[in-house]
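>
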Amino acid sequence: MNLSVSSHERLPTIGLWCGVTPLDLPLGRGAAAAVSGQWARKGSQASHCSASCEGHQALRGHTTTMHRLTGKSGGDSLIEMSPTDSFSEDLNGYHQHASSSMGSFQQEESGSPLVIDVCLETCESLRSSIASQASSDQSNTPRHDSFTLEQIDVLTGFWRRRALFLKYRSRIQKQQQSKDSVFFRDGVRRIDFVLSYVDDKDGERKQERRRVFEANLVKVGLELEIEDKSESDDRKTYFVKIHAPWEVLATYADVLKIKVPFKANDIPDNSEMPMNWLSTPFRLPEPIMQPEPDFFTAPFDKSKSDFFLIEDRDKFFLPSTRNRIVYYILSRCSYIRDECGERDKKGIKRLLNNSTYTAAFPLHDSRYWTKSKDVNCDSDRYNLYKYWAGFFSFFKEQPLNLIRKYYGEKIGLYFAWLGFYTEMLFFAAVVGTLCFVYGVLTYDDNEWSKEICSDEIGGNIVMCPLCDKKCGFWKLNTTCNSSWQSHLFDNVGTVFFAIFMGIWVTLFLEFWKRRQARLEYEWDLVDFEEEQQQLQLRPEYETKCNSRKLNRITQETEWVLDRTISDVLAKLFLCWSTVILWISLIIACIIGVIAYRLAVYAAFASIMKDSPTSNLEVVGPYITPQLATSVTASCINFVIIMILNLMYERVAVWITDMEIPKTHLEYENKLTVKMFLFQFVNYYSSCFYVAFFKGKFVGYPGDYAYMFGKWSKLRNEECDPGGCLIELTTQLVIVMTGKQVWGNIQEALVPWLMNWWASRKARSYPESLYSRWEQDHDLQGFGQLGLFYEYLEMVIQFGFITLFVASFPLAPLLALFNNIIEIRVDAWKLTTQFRRPVAAKAHCIGAWEEILNGMAVLSVVTNAFIVAFTSDMIPRLVYMYAYQPEGEMNMKGYINNSLSVFNISEIPLPNRPEDGENPLWFNSSITTCRYRDYRNPPGHENQYSHTMQFWHILAAKLAFIIIMEHVVFLVKYFVAWMIPDVPSDVKARVKRERYLVQEYLHNYEVEKLKIQLSQQSHSECTCTPMIYPSLTKHEVLSECL
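Numbering (the working numbering), first residue to last: 32 to 1072.
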């Protein structure tokens, strides 16, 4: 019979028999007896021996029956006391099947009475062995001083008995067993989950919660084993090890409808591809890629357990399934007495939040750098680290089936999606690189850049000041370098690449649907959402339910949360008003950055006019006021983005918790939408400003536009003389690259440093004493939203390479390099730096799929507008086909045509440069200046109004947007229609499996009925025997607890 006791209710062992109380023992790692905080109250249970060895004479002749008790010996050993054991060192093995633990033990009647002479004999033997053990004590018990005979003679009372006990403990520590195990002390029962806590001095309420919670776990059927704090490396932490026996696993596998094998898969695999040998260098060993055989599966039914392929009950359910079931129970178990009547006082999550427990986690199966020494334990963690988490495996395929087996389907789906996304990025990166190479190869054919750089054309064009007072007149040829740089990204190849990316996004999403459908079948996720939606109810929702309602689908009554319309509207208003408030805060910060750009540009222009950096031969021409303003503003914007992210994450979780979503899927979808809306505005707003607003509302020299009116003196920014596209490229590179570098540092370095600091004490102990649960406890917790942030990071990157890819064709290449590193960094940190996450099921990537679809549509629009309004592609084409003066198909004269003329004498006084700001070559003979626009010259009847060419260009831009969008959308929808979401072979397998399930169940029931009819004459009852009552799903979960 397994009993559960708290850390303060453990029974004494050898300590009382020699008159030593554990409160007086400075027990370290490998203590021979469990320390009990309430030893005094338990003294009566050990009254078989007196307080000293001398007092045993008075008890001679008395006998009693003694319970088999357990305690620790050495680092890993176990002391079991019985009438026949008599301190035999043969019982010190760590894996004694007869033992249970300090927290769960077996109450057995001993075969013969315990003679008190055993205690006397033992104490006498201790006295006689002191001298021989003095030298060995120093090495075996490094945390305690060695005692000599003279010192022992000085000690009196229990201090003397204490010293004698420590001497005996050192003697039985000669053969230490490794504690690096995932089994109970009996070596049979597997540890499915571990809870840890620190016993506070003033934590009586926490003690009561733990006592009730653990007692309820035992009522459910779980078995507990408690490790005393004396065994932990910090001497403070208790560990509660939990094992789920077969009855519990079978019951909840039935409740959760977990699919298990019932027949080997008989459909031949025809997935062999021609020239498959080419992929040999990228493959992993077959046992790593396919760790489990392929079976047809069906939802588990406990009453039909003989229907399924159960060879070994201990290994039938995978460890990931076992810890998922245990966590399901932990999250619904109450920690107060039933008579208190508080329904919301349940669940391990609440106990973690109020610090009753410090951690709750399943165990890794081995150390990541070496295989487990236990033959009954798989070393999947080691295999994952060896074949997956190493950076030098970046060119290898991912062992998705092994990831799914070890971490569960949800994490497996994330890495499957990330790997597929990275594979598809390869094609986008190749095409983007070719477009960039095209820009490099046509570098010398750039006619308009030649005109800008020539002294005859660009050197004779005087440009109007770019800011008020602090900016002087300047010559066009000073922008020679920026015009050449702009050509690398602003060319005909850009238009082709923008159209290609619109089609690539569609191909990526459609092929991912097919890949996801295959994984759904292979991982038994078909119909998962429909079957298990109600079984994924959040404990936080269940505790708030206040009434019962008939489910129209199942025709069963279930607990529901009654909400009034006013309550729902109030929460919706509060939640979304909070989101809008934070988005408004982002917009305010962006406006602040824009104001910074406007205010600082004039300062940079004044400072850099005579700056010595302008004389540098290599980088001097590139250091311009425009570049300095753009780079510093982008860096400031990036810092603001990171700070607002940290602040908003907590707010988003808080308002989502307040909504009390019903299911885990609903919770994640609500949080995903809130977080993504915020992140979308946070990361992309600055790029949208540069792409679609900067330089579009400037005005002209006689009538400039100001950001907050003329009183603010913040004149709207003009584009760089080379165009706004190069500035958008700069903004995109800084934000995208900065986020990826910072994200990888944060993901890899921070957990490593925290784990290094947390395990600094344990590094001084031998590996055999560093238990598996302590190793995992010292790691970082992955967290419920750990995977959410991984998805968010990748989706934000997806937006950068799709929404603004027309401005930077190399963005997919950067994303490809980042993702190759990202996969291995995520694998490394998950395998080595984090505790093992609780396995969870998911049939798809959730709301992220809809977000990706929305971004795919939006990307077509944004790229069309970037090509039309941000680049100079359309104005050049209009000039070449309609306004080329010689009628030739070339760009000669384009620069002169694209610049309007303004009379310097008409520039208002507030806009004119101050004395000393103009360059030395400027004199009074220069009467006009040029600016970027299509306006009539001075003296024209409609001077300074837009020319007809401006309206032709605008019409061409709008026509290009409409044509490009319709062409791309037409191709997108045609491709989506051509590619089925589910492969034909997967459809066949799903139908085959459903047919087999029905056929086999029918045959099973027929055979069962025949057996019952044949036994009808021998039994009065002809009903089907039931192992447990036929209760509703919710009642099974709640009433059991």
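Glycine included, every Cβ here is placed at the ideal spot set by N, Cα and C.
Go through its chain and collect everything with a Cβ distance to Trp505's Cβ below 6 Å, but skip five positions before and after it.
Taking the sequence shown and counting its residues from 1, the one referred to as residue 505 is at position 474. Around Trp505: Met494.
> Taking the alpha-carbon positions, what's the Pro292 to Gln1046 distance?
Start at 1 with the first residue of the sequence shown, and residue 292 comes out as number 261. Start at 1 with the first residue of the sequence shown, and residue 1046 comes out as number 1015. Each residue's alpha carbon lies about 30 Å from the other.
> DSSP on Leu841, reduced to helix/strand/coil?
Numbered from its first residue, the sequence shown carries residue 841 at position 810. Coil, per DSSP.
> Skipping 5 residues on each side, what residues in its chain have a beta carbon closer than 6 Å to that of Phe339?
Looking up residue 339 in the sequence shown gives position 308. These residues qualify, in order along the chain: Val291, Phe293.
> Given a cut-off of 8 Å, decide if Pro843 and Gly463 are closer than it, judged by their beta-carbon atoms.
Looking up residue 463 in the sequence shown gives position 432. Looking up residue 843 in the sequence shown gives position 812. Taking 8 Å as the Cβ cut-off, Gly463 and Pro843 qualify as a contacting pair.
> Counting pairs of beta carbons, one from the region 521-531 and one from the region 891-908, are three or more of them closer than 8 Å?
Contact holds: three or more Cβ-Cβ distances are below 8 Å.
> Taking 7 Å as the limit between beta carbons, can you name the residues of its chain near Arg344, skipping five residues before and five after?
Position 313 of the sequence shown, counting from 1, holds the residue named residue 344. Once the five neighbours on either side are set aside, the close Cβ partners of Arg344 are Trp277.
> Helix, strand or coil for Arg220, going by three-state DSSP, please let me know.
Locating residue 220 in the sequence shown gives position 189, counting from the first residue. Coil.
> Output yes or no for whether 8 Å exceeds the beta carbon distance between Cys511 and Ala636.
As a first step, residue 511 is located in the sequence shown; it is residue number 480 there, counting from the start. As a first step, residue 636 is located in the sequence shown; it is residue number 605 there, counting from the start. Not closer than 8 Å, so no.
> Between the Cα of Ile854 and those of Lys380, Val998, Asn775, spot the shortest distance and give me the residue it belongs to.
In the sequence shown, the residue the question calls residue 854 occupies position 823. The candidate whose alpha carbon is nearest that of Ile854 is Asn775.
> Pull up the CB-CB distance for Ala858 and Trp400, whole angstroms please, since I reckon it's below 8 Å.
For the purposes of this step, residue 858 is taken as residue 827 along the sequence shown, with counting starting at 1. For the purposes of this step, residue 400 is taken as residue 369 along the sequence shown, with counting starting at 1. That pair is no contact at about 15 Å.
> From the DSSP secondary-structure annotation, give me the bridge partner or partners of Ala391.
Your numbering for residue 391 matches position 360 in the sequence shown. Partner(s): Leu226.
> Hey, is the region 544-559 in contact with the region 997-1014, meaning 3+ C-beta pairs nearer than 8 Å?
With a cut-off of 8 Å, the region 997-1014 and the region 544-559 count as touching, because enough Cβ pairs lie within range.
> To test your reading of the DSSP string, which unbroken beta strand (DSSP E) runs of 3 or more residues are found completely within the region 330-362?
Here no run is fully enclosed.
> Pull up the DSSP beta-bridge partners for Cys755, would you.
For the purposes of this step, residue 755 is identified with residue 724 of the sequence shown, where counting begins at 1. Beta-bridge pairing links Cys755 to no other residue.
> Within 10 angstroms of the Cβ of Ile618, are there 16 or more other Cβ atoms? Answer buried if so, exposed if not.
Taking the first residue of the sequence shown as position 1, residue 618 is located at position 587. When all chains shown are included, Ile618 counts as exposed.
> For Phe831, which residues in the same chain have their Cβ closer than 7 Å to its Cβ, ignoring the five residues on either side in sequence?
Counted from its first residue, the sequence shown places residue 831 at position 800. Around Phe831: Leu763, Met767, Ala842.
> Indicate the three-state DSSP secondary structure (helix, strand or coil) for Ser931 in the structure shown.
Here residue 931 refers to the residue found at position 900 of the sequence shown. Three-state DSSP puts Ser931 in a strand.
> Pick from Glu748, Phe669, Lys501: whose alpha carbon is nearest that of Asn942?
Residue 942 sits at position 911 when you count from the first residue of the sequence shown. The residue with the shortest Cα to Cα distance from Asn942 is Lys501.
> Starting from Ala295, trace the beta strand (DSSP E) both ways and give me its first and last residue.
As a position in the sequence shown, residue 295 is number 264, starting the count at 1. First-last of the beta strand (DSSP E) with Ala295: 290-295.
> Out of Thr453, His518, Cys484, point me to the one whose CA is closest to Tyr474's CA.
To locate residue 474, count along the sequence shown from 1; it is residue 443. Among Thr453, His518, Cys484, the Cα nearest to that of Tyr474 belongs to His518.
> Since I believe Asn884 is in contact with Ala837 (beta carbons under 8 Å), could you give me their beta-carbon distance rounded to a whole number of angstroms?
Sequence index remark: in the sequence shown, residue 837 carries index 806 (1-based). Sequence index remark: in the sequence shown, residue 884 carries index 853 (1-based). Between Asn884 and Ala837 the Cβ distance is about 20 Å, and since that is not below 8 Å, they are no contact.
> Would you list the residues sitting across from His983 in a DSSP beta bridge?
For the purposes of this step, residue 983 is taken as residue 952 along the sequence shown, with counting starting at 1. DSSP lists no partner for His983.
> Identify which residue in Pro330, Phe458, Gln321 has its Cα closest to the Cα of Val286.
Residue numbering aside, residue 286 sits at position 255 when the sequence shown is read from its first letter. Ranking Pro330, Phe458, Gln321 by Cα distance to Val286 puts Pro330 first.
> Measure the alpha-carbon distance for Glu1030 versus Ala1019 and round it to whole angstroms.
Your numbering for residue 1030 matches position 999 in the sequence shown. Your numbering for residue 1019 matches position 988 in the sequence shown. Roughly 16 Å separates the two Cα atoms.
> Run through the DSSP bridge pairs and tell me what Leu550 is partnered with.
Counting from 1 along the sequence shown, the entry for residue 550 is found at position 519. Answer is none; Leu550 lacks a bridge partner.
> Going by alpha carbons, who is nearest to Ile434 out of Leu861, Met920, Leu394, Gln657?
Here residue 434 refers to the residue found at position 403 of the sequence shown. With distances taken between Cα atoms, Ile434 lies closest to Leu861.
> What did DSSP end up calling Asp476 once you bin it into helix, strand or coil?
Within the sequence shown, the letter at position 445 stands for residue 476. It is helical.
> Measure the CB-CB distance between His983 and Val909 and report whether it falls below 8 Å.
Taking the sequence shown and counting its residues from 1, the one referred to as residue 983 is at position 952. Taking the sequence shown and counting its residues from 1, the one referred to as residue 909 is at position 878. Yes, they are a contact pair.
> What whole-angstrom Cβ distance do Val219 and Val271 have, given they're in contact under 8 Å?
Working through the sequence shown from its first residue, we reach residue 219 at position 188. Working through the sequence shown from its first residue, we reach residue 271 at position 240. Between Val271 and Val219 the Cβ distance is about 19 Å, and since that is not below 8 Å, they are no contact.
> With respect to the alpha helix (DSSP H) encompassing Ser665, which residues constitute its N-terminal and C-terminal limits?
Taking the sequence shown and counting its residues from 1, one reaches residue 665 at position 634. From DSSP, the alpha helix (DSSP H) with Ser665 extends over 656-690.
> Since I believe Thr978 is in contact with Asn967 (beta carbons under 8 Å), could you give me their beta-carbon distance rounded to a whole number of angstroms?
If you number the sequence shown from 1, residue 967 lands on position 936. If you number the sequence shown from 1, residue 978 lands on position 947. Rounded, the Cβ-Cβ distance is 6 Å, consistent with contact.
> Which residues mark the beginning and the end of the beta strand (DSSP E) in which Ile434 is found?
Reading the sequence shown from its first residue, position 403 is the one you call residue 434. No beta strand (DSSP E) contains Ile434, which is instead part of the alpha helix (DSSP H) from 431-438.
> In the DSSP assignment, find the beta strand (DSSP E) that holds Ser743 and state where it starts and stops.
Position 712 of the sequence shown, counted from the start, is the residue given in the question as residue 743. That residue, Ser743, is in no beta strand (DSSP E); it is neither H nor E in DSSP.
> Taking only the alpha-carbon atoms, compute the straight-line gap between Asn508 and Cys750 and give it to the nearest angstrom.
Start at 1 with the first residue of the sequence shown, and residue 508 comes out as number 477. Start at 1 with the first residue of the sequence shown, and residue 750 comes out as number 719. Between Asn508 and Cys750, the C-alpha separation is close to 16 Å.
> Would you kindly work out how many angstroms separate the C-alpha atoms of Cys718 and Glu587, rounded to a whole number?
What you label residue 718 is simply residue 687 of the sequence shown in a count that begins at 1. What you label residue 587 is simply residue 556 of the sequence shown in a count that begins at 1. Near 53 Å, if we compare the C-alpha coordinates of Glu587 and Cys718.
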